[in-house]
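Chemist: Quick one: structure below, then a few questions.
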Amino acid sequence: MAGEDADMIDRRTMLMAGGLAMTTTMVKAGEGTDAIQALIQAYFTAWNTNAPERFAEIFWPDGSWVNVVGMHWRGRDQIVFAHTAFLKTIFKDCKQELVSVEARTIAPGSALAVVTLIQDAYVTPDGRQMPRAHDRLTLLAVEREGVWRFIHGHNTIVNPDAANNDPVLRMKPA
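If you number the sequence shown the way the UniProt record's numbering does, the last residue is 174 and the count never jumps.
Structural data, given as structure tokens:
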């Protein structure tokens, strides 16, 4: 029994030391944020020049994307295929204008960005006219062997009526 207790103490000590080591891992302030900013610029260039094949350069093979109406594309091939289908049809004349980027490193080798943009009006496949609107992207990038690419993206339309009722707008400063 005493040997088992000693083993347990040694395991706990090692786990605690490992936990302390993890908490002292530092990430440089710009590490990841510069990389994700560059990927965001590449995304806008691909979209606005109607070059969806360029999405292959900014997504990892195991990346994923959830579009504005909830379609879930798994893997870079699906991301490129779906963006090609839409950029060559309903979005062929639709541009996106960058409004803002909030980017931060969330762990070594990973960065998160919330991107606000304005997208031109377009007509849906079923014929509905969609107005020029604010959209918001959530993008996650990871570094592998010194290369940064997106691993996930999600696009949401900003509903202006709902946005005016955001409870955070009435939140008192801390």
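Even glycine gets a Cβ: it sits at the ideal position worked out from N, Cα and C.
Tell whether a beta-carbon distance below 9 Å holds between residue 42 and residue 53.
Modeler: No.
Chemist: Per DSSP, what kind of secondary structure is residue 48 in: helix, strand or coil?
Modeler: In this structure, residue 48 counts as helix in the three-state DSSP scheme.
Chemist: Does residue 127 come within less than 9 Å of chain D when only Cβ atoms are used?
Modeler: Of the chains in the structure shown, none is chain D; there is only one protein chain.
Chemist: Residue 25 by DSSP, collapsed to three states: which one?
Modeler: Bear in mind that a pLDDT of 34 at residue 25, under 50, signals an unreliable position, so the number given afterwards is only what the model happens to contain. Looking at residue 25 - three-state DSSP - the assignment turns out to be coil, as it is neither helix nor strand.
Chemist: When the Cβ atoms of the stretch 72–90 are set against those of the stretch 106–117, are three or more pairs found closer than 8 Å?
Modeler: Cβ pair count under 8 Å is below three, so no.
Chemist: Using alpha carbons as the reference points, say which of 111, 85 and 61 lies closest to residue 200.
Modeler: An answer regarding residue 200 cannot be provided, because it is not within the stretch 1 to 174 covered by the chain.
Chemist: In the DSSP assignment, find the beta strand (DSSP E) that holds residue 56 and state where it starts and stops.
Modeler: Run containing residue 56: none; DSSP gives neither H nor E here.
Chemist: Taking its Cβ as the centre, do 16 or more other Cβ atoms sit within 10 Å of residue 39, making it buried, or is it exposed?
Modeler: By the 10 Å Cβ count, residue 39 comes out buried.
Chemist: So, at 7 Å on beta carbons, what are the nonlocal neighbours of residue 92 in its own chain, with the 5 sequence-adjacent residues on each side left out?
Modeler: Same-chain partners within the cutoff: 50.
Chemist: Determine the direct distance from the alpha carbon of residue 146 to that of residue 119, and round the result to whole angstroms.
Modeler: Near 32 Å, if we compare the C-alpha coordinates of residue 146 and residue 119.
Chemist: So, helix, strand or coil for residue 151, using DSSP?
Modeler: Here residue 151 sits in strand by DSSP.
Chemist: Out of curiosity, what's the CA-to-CA distance linking residue 139 and residue 163?
Modeler: Those two C-alpha atoms are separated by around 21 Å.
Chemist: Measuring CB to CB, does residue 152 end up less than 9 Å from residue 32?
Modeler: No; because the gap between Cβ atoms is not below 9 Å, this pair is not in contact.
Chemist: Checking 9 Å against the spacing of the C-beta atoms, do residue 134 and residue 99 come in under that value?
Modeler: Yes. Within cutoff.
Chemist: Can you tell me the Cα-Cα spacing of residue 117 and residue 158, whole angstroms?
Modeler: Cα-Cα distance, rounded: 10 Å.
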